[in-house]
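Protein chains: 4
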Amino acid sequence: MCQRLVRTPLGRARGAPVTSPAVALLVQKFGGTSVGDPERIRTVADYVSRCVRRGDRVVLVVSAMGKETEELLRLAGDVSTTRPGREMDMLITAGERKAIALVCMALADAGLDAESYTGSQAGFITDTRHTDAKILEVRPDRIRAALEAGRVPVVAGAQGVSTENDVTFLGRGGSDTTAVALAKALGADACELYTDVSGVFTTDPRVVPEAKKMAKVSFDELLEMTSTGCPKPAMRSVEYAHRHGVTLHIRSAFTWEPGTWVTEEEPMEHAVVSAITHDVSEAKVTVAGVPDHPGVAARIFRALADEGVVVDTIVQNTSEAGVTDISFTVPHADLAVALATVDCLQEELGAVRVSGDPDIARVSVIGSGMRTNPGVAATMFETLAEAGINIDMISTSVIRTSCVVRQDQAERAVQVLHAAFELGAPY
Amino acid sequence: MCQRLVRTPLGRARGAPVTSPAVALLVQKFGGTSVGDPERIRTVADYVSRCVRRGDRVVLVVSAMGKETEELLRLAGDVSTTRPGREMDMLITAGERKAIALVCMALADAGLDAESYTGSQAGFITDTRHTDAKILEVRPDRIRAALEAGRVPVVAGAQGVSTENDVTFLGRGGSDTTAVALAKALGADACELYTDVSGVFTTDPRVVPEAKKMAKVSFDELLEMTSTGCPKPAMRSVEYAHRHGVTLHIRSAFTWEPGTWVTEEEPMEHAVVSAITHDVSEAKVTVAGVPDHPGVAARIFRALADEGVVVDTIVQNTSEAGVTDISFTVPHADLAVALATVDCLQEELGAVRVSGDPDIARVSVIGSGMRTNPGVAATMFETLAEAGINIDMISTSVIRTSCVVRQDQAERAVQVLHAAFELGAPY
Amino acid sequence: MCQRLVRTPLGRARGAPVTSPAVALLVQKFGGTSVGDPERIRTVADYVSRCVRRGDRVVLVVSAMGKETEELLRLAGDVSTTRPGREMDMLITAGERKAIALVCMALADAGLDAESYTGSQAGFITDTRHTDAKILEVRPDRIRAALEAGRVPVVAGAQGVSTENDVTFLGRGGSDTTAVALAKALGADACELYTDVSGVFTTDPRVVPEAKKMAKVSFDELLEMTSTGCPKPAMRSVEYAHRHGVTLHIRSAFTWEPGTWVTEEEPMEHAVVSAITHDVSEAKVTVAGVPDHPGVAARIFRALADEGVVVDTIVQNTSEAGVTDISFTVPHADLAVALATVDCLQEELGAVRVSGDPDIARVSVIGSGMRTNPGVAATMFETLAEAGINIDMISTSVIRTSCVVRQDQAERAVQVLHAAFELGAPY
Amino acid sequence: MCQRLVRTPLGRARGAPVTSPAVALLVQKFGGTSVGDPERIRTVADYVSRCVRRGDRVVLVVSAMGKETEELLRLAGDVSTTRPGREMDMLITAGERKAIALVCMALADAGLDAESYTGSQAGFITDTRHTDAKILEVRPDRIRAALEAGRVPVVAGAQGVSTENDVTFLGRGGSDTTAVALAKALGADACELYTDVSGVFTTDPRVVPEAKKMAKVSFDELLEMTSTGCPKPAMRSVEYAHRHGVTLHIRSAFTWEPGTWVTEEEPMEHAVVSAITHDVSEAKVTVAGVPDHPGVAARIFRALADEGVVVDTIVQNTSEAGVTDISFTVPHADLAVALATVDCLQEELGAVRVSGDPDIARVSVIGSGMRTNPGVAATMFETLAEAGINIDMISTSVIRTSCVVRQDQAERAVQVLHAAFELGAPY
């Protein structure tokens, strides 16, 4: 029941019952699995028709069906090695065109007056960077007119028209961006991202079955949770929503239960810690025994950047006797390149040893409440110590504390931390 | 975390927490959407490997990928109008063969020693009724041997070999049956049915957002809930599990959170009412002013049965002045046939009027606790009355009370009943 | 070798052989099976690059890949019963967009500078009749500009933009129409229709293995051969080409051998008879013993037209004693309706008997030379008589003589006629 | 018309007309494109039913539909890097199972009593080499029984059962092998390979439009024509047919016209030269100035073999002054490895120079008549000389003369040779 979702979780006017819902303007984005086959498309249309019957005004943003974008990319790869950008975008945007037409047909069957709009028709003006275009401006005149005429506009996700009048594609995850940008441009009450999971969890339920779906999460927290394995709206769209104050609701197109709200507000009663995440996709490089000169770190990380290696956590201890160790993490795929790059510098830097370790994991505790609660890091370290888990590296942000541990201890670390911070569901 | 699921929700406390799990033997069935594409298959393999690493022994039962069975049926329909049963089963069982081979490959990548088994190889002996065969016997010798050798057997769902040595298909939903029958034959601790929803809800979350996922439900209750729109393991498999005492766990292959357990036991603290369901798929036929002779009802329902019309609820009021009204519900698709059939009898029966009404809905309150709690029906009627909803027909079973109401009041009825019986989630 | 095809088969001897080809402007249309998968698309691109290297200028018109249009129609049918025309055209035109983008990518790999154009971009203006729009005007300015810049334009078949700025679809077979209309608008030397067969045959090779591929055929002949089972460019496109004097070349995208030219010219040496066809898709209706009044036929065929029954051959014998028989053929699917319609008129017309016969076949001898050669019909009748095949009905056009015979004698009739007119290949 | 094909092209009893065909036992193999979609499957069934109605007895061998095998391989690659052979064969053989079931259904609609057989059921016993198994024995008892019962057996191509009772796949092109082996085992009159081209051509029609379809070709010639771009029945199957005396007929499932017969016999009137082929897939390596010691060639080609490089043509000129040049061709993909390998030996061999040339082509003249006609090579060299085409290398077999020329002159070479040997069609 759509209108409730706007009201209740945000704490506005919980009282008023089912009979007198506030009317909301909602942008509802349906991802690939949500419209993956005819039955699903009809289910979505049925759901949208319930929302409209209850008085909400809705604008749909639809992705290509199921894995169609992947299949189109594969087709292109099977056909061509050059793959000119203009043609790639002509190809890939065909997927969303199919989806919006089909969704409109299903809505027509459900008794709604719906109309499909390509990115261009919906007013998405982009730059000319094919296959990964950026939105320059949204001019949703036709969408507004359709809403005023009582129609349900259905907009193709992840596409626009460039300033040179060519079709452009916004890249993977671009439908989320389309939805958020449209919600902003229309002044919608919320942007609902329907997906195949029921929300954001306090940690990965595969690791901790007691993991609890969060009723809400702040933008800052969600942006820190990129590695949780839970639903991942495209980071670009979350940042866009954060910057423009668009309220998000990440929820399920399978169970239709309320999901997780992403908002700016920091409610009073908010728990200190919101979520535990872990990430096993990185490896560690250590440069040991480096003379502690100015410019040493700059030398190392400039060289890595020149090789295209993305470095995540960096830790440098205070030097003793003018000598220090520098450790950092890189994606597994880049470990070999990173080691080779630093090896070349070893002599120049005067380092004693360069070594790599692929078997690490980063475990993080995330929570907006950490800003005002200094004890979280200490509790985290104690909890790991009690469980016999050694900490290899530590890094922090304002609302996150991360420890690098042995990979085979990572899931155990997540379990004990989830219990220590009492994040579990009560049942 | 697989082993927990056997323990906690059943309240059996089979051991201490995370640190010392009991080893369980689990049959895990993955439906079509769970293995719908390569990414999903790899995700399933990753999950299974976690279960195995934690000490569980698992046997997988796998359906055809995504909508493949539907596509094969459509292909057959495009090719042929005769569609001989033997060839249909040769065709359709190809879908599960593909799936088991791919799952085994992904498990091999995850470091497990897996081996695929067709229904025949897994020991499923069926009768010779093609496209809808019944299991006569399960002789899982090769599955047992594989388990003892430390391998993960991956069994094709919904297939077997007939007593005439032809390939047979168990019909739609047959993978659930395969899983349950295998769990019984192997004496497994539980049969987990992984699907695209996270469990069974107290009512449809599209109608009542506060709808709560049930931690457990009894077989009797689940069998009464066939029309809830929530996850529907094939009824045949639920009945099989009920009859043979196989514990089911209906859960999500997307969020991997614990789902809903289906068991025999009736725990002490069980709520009186478990779920509210509604069904808009039926229409009502009324035969008014029938002289109250013996055999009248028999005449009507024999005639309907001869026409293949499936009748659900039947209500006959006490006669006044030797005259009574008989009403019953039939599927919408059968309304025309039902009316025509009864019309032909009108004169013979001496009925005053025969009428049909397609705009009805059945709303049901379901709960094992109703057996010992007589007030449920009264509360239901009062709640509907207070909401101004008129009751048209009433029928009951030991654990269910159903009212037929106007279709446009059905969702409102579900909402007020869900609130009245306090089934909602606390948040 | 593309340029040869313009020259040789037309006997125009446009120059010396291989070493000095004349440059031609060709519109090459590739149907669905010709671009049915990545390998085929690369094969087409290789072929086109050979044509361009030899100096031809080419414009491609491309259909949706393989059976994609059917699949999109099926998807729409699975999703919706209403299927609004505007959305249907948005959906279906996605197929050709994919195909043109992929063909351009393959051409880029083959070293050609290619650019894709939707129907709208290529200047196809249509009326507003969705799913079956008619071309109002072709303004191929961008195509001409691309050709002058040395590029290979690749145009989406079967689509345009309506006078109300909506995407329109030209209907099944519309790619042929796009190609012919573009050839006319550009003044191309020929329009090549690449398909999965190697040309038009003198009769169905399944019936007569000696059937010979025709080097050329006249428009009139081809239009009479609609039922031959041989390659069938959409009739609308053949009529368009006929009307506008566009030379067609029907040929194979699999063997790439020269196919069948379709032209206006009636060469001197042309055989009297070109082809034998047969058609088993019709049934016969006979109205026997009708009083021979004016307006009787009009009454019958107006009634049939009002029921939407398409009547093909009509035969009425001279009346004897003021009474006549009228027979006509209709598609099998319409036989029941046709019989019912005429039955209703029987009394009014005073007819003695109305009967239907589904087991007929029409066998036709087709040839432009029949215009000046009166003996063809006689030879046809004699040949059938010698073979013991009874003739049930006869109808003729200027270049065709058709006989209705028993269906089980149809193939035999084709065989003896093909031999009698010496149409067979010499080997 | 199937029975004719056995008679006429083999020169047996041409006289007897349509009315009294000899009954033949035919194995008809339908490749992927021939059964690529429902319409094609129904077309095949219609064709087969004509054959049966005319008295032929047929056994079908069917490949997986369209590109299904490729899709299954891709799925496997998307799912797994290990891809165990047993599971790969379980996966891939599902494709043919689908196809045989569908073909049987279509045959049932066409009124035939058909029955599908997997490779195992058809009696194909193979070794245990998964994904590329070899046939050890064919025991077609069930196929014979079905034929005797008047049924049409439909056998899954490219599959069998190993001596360890696992499902095995015979590798790409394995359906041809299945068909040939079955024709041998059943003593069939011919094995018809239906494909998407109409036969074997005298050269590539893309290069020489006058290229003519050959009515017949000898096994030796066909085996020499591997690089012609024309229909390529799997070499393994041609060799098998050659060895076992199985007559092949390569023909079209699209036009159904008679194709090319492959037989042992060398008819009197056979042309000296049958076909011209060219191959641009190889590159040339030259080792110049090698001292002419015994063992030099052995040293080079052993080293290449150890690296897995397949060498085709090798040419060594007579040495002058104890020094010689050795040239050889390798696939383009192996050029870099071949050059590196020989570079390493340069010093040891005392060679002056090692060089590679990717821009070569091999043009070949093929014909059984060359055995008794010494002038062919001379004509070939003269023709190329007159056309100004330089010959770089020459190699010959009993029925083939090949010249390596500049790649950009290859198509011209084919054109002049095709004309010189008068291979063109007369029209």
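Chains as they are written, first to last, in my numbering: chain A, 1 to 427; chain B, 428 to 854; chain C, 855 to 1281; chain D, 1282 to 1708. We put the CB at the ideal spot given by N, CA and C, even for glycine. Keep in mind that this is a model prediction, so the values were computed, not measured.
Sequence-distant Cβ neighbours of Asp-1394 of chain D in its own chain, meaning closer than 6 angstroms and more than five residues away, are Arg-1432. Using a Cβ-Cβ cut-off of 7 angstroms, Pro-511 of chain B counts as an interface residue toward chain D, since at least one Cβ of chain D sits closer than that to its own. Listed along chain B are Arg-633, each with a C-beta nearer than 8 angstroms to that of Tyr-47 of chain A. About 6 angstroms separates the beta carbon of Gly-587 of chain B from that of Ile-552 of chain B, a gap short enough to meet the 8 angstroms contact definition. Here the segment 32-52 of chain A does not lie against the segment 203-221 of chain A, with fewer than 3 beta-carbon pairs under 8 angstroms apart. Of all C-beta pairs linking the segment 68-83 of chain A to the segment 91-102 of chain A, three or more are shorter than 8 angstroms, placing the two stretches in contact.
Here the segment 1575-1585 of chain D makes no contact with the segment 1558-1565 of chain D; the two share fewer than three CB pairs at distances below 8 angstroms. Approximately 5 angstroms separates the beta-carbon atoms of Thr-1610 of chain D and Asp-1593 of chain D; this is inside 8 angstroms, confirming the contact. A straight line joining the alpha-carbon of Lys-216 of chain A with that of Ala-241 of chain A spans about 15 angstroms. Listed as beta-bridge partners of Lys-1497 of chain D by DSSP are D:Trp-1542. The Cβ atoms of Ser-625 of chain B and Ser-198 of chain A lie closer than 7 angstroms to each other. Contact between Tyr-117 of chain A and Ala-181 of chain A is absent: CB atoms are separated by about 14 angstroms, not below the 8 angstroms threshold. Distance from the CA atom of Arg-1026 of chain C to the CA atom of Asp-943 of chain C, rounded to whole angstroms, is 12 angstroms.
Across the segment 916-928 of chain C, CB contacts with chain A closer than 8 angstroms involve Leu-926, in sequence order along the chain. One Cα belongs to Val-1590 of chain D, the other to Ala-1619 of chain D, and the distance between them is close to 7 angstroms.
Distance between Val-742 of chain B and Glu-809 of chain B, taken at the CA atoms: about 21 angstroms.
When the five nearest sequence neighbours on each side are left out, the beta carbons in the same chain lying within less than 8 angstroms of the beta carbon of Ser-1106 of chain C are those of Tyr-1048, Thr-1049, Asp-1050, Val-1051, Ser-1052, Gly-1053, Gly-1113, in order along the chain.
In the DSSP assignment, the residues bridged to Ile-1416 of chain D are D:Thr-1407.
The C-beta distance from Arg-1643 of chain D to His-1559 of chain D rounds to 7 angstroms, short enough to fall under 8 angstroms.
Going by beta carbons, Asp-1318 of chain D and Lys-921 of chain C fall inside the 7 angstroms limit. Collapsing the DSSP output to three states places Pro-892 of chain C in a helix.
Secondary structure note for Glu-1174 of chain C: it is in no alpha helix (DSSP H), with a DSSP letter that is neither H nor E. Within the DSSP secondary-structure output, Arg-1254 of chain C pairs in a beta bridge with C:Ile-1220, C:Ser-1251.
Residue burial annotation: Asp-1615 of chain D is buried, with at least 16 other C-beta atoms found within 10 angstroms of its C-beta.
Thr-828 of chain B and Val-792 of chain B do touch by the CB rule: their CB atoms are close to 5 angstroms apart, below 8 angstroms. His-676 of chain B and Glu-692 of chain B have their C-alpha atoms roughly 14 angstroms apart. In the three-state reduction of the DSSP assignment, Gly-289 of chain A falls in the strand class, which pools E and B. Counting along the chain, the unbroken alpha helix (DSSP H) around Glu-809 of chain B starts and ends at 803-813.
In this structure, Ile-1245 of chain C lies away from Gln-1263 of chain C, with their beta-carbon atoms at least 7 angstroms apart. Residue-level contact by beta carbon fails for Pro-994 of chain C and chain A, as no gap is shorter than 7 angstroms. The residue among B:Pro-511, B:Val-488, B:Asp-554, B:Lys-640 with its C-alpha nearest the C-alpha of Ile-527 of chain B is B:Val-488.
Secondary structure of Asp-1638 of chain D (DSSP, three-state): strand. In this structure, DSSP gives Val-530 of chain B a helical state, which the three-state scheme calls helix.
Glu-1111 of chain C counts as buried, since no fewer than 16 other beta carbons sit within 10 angstroms of its beta carbon. Any Cβ of chain D closer than 7 angstroms to the Cβ of Ser-543 of chain B would place that residue at the interface, and such an atom is present.
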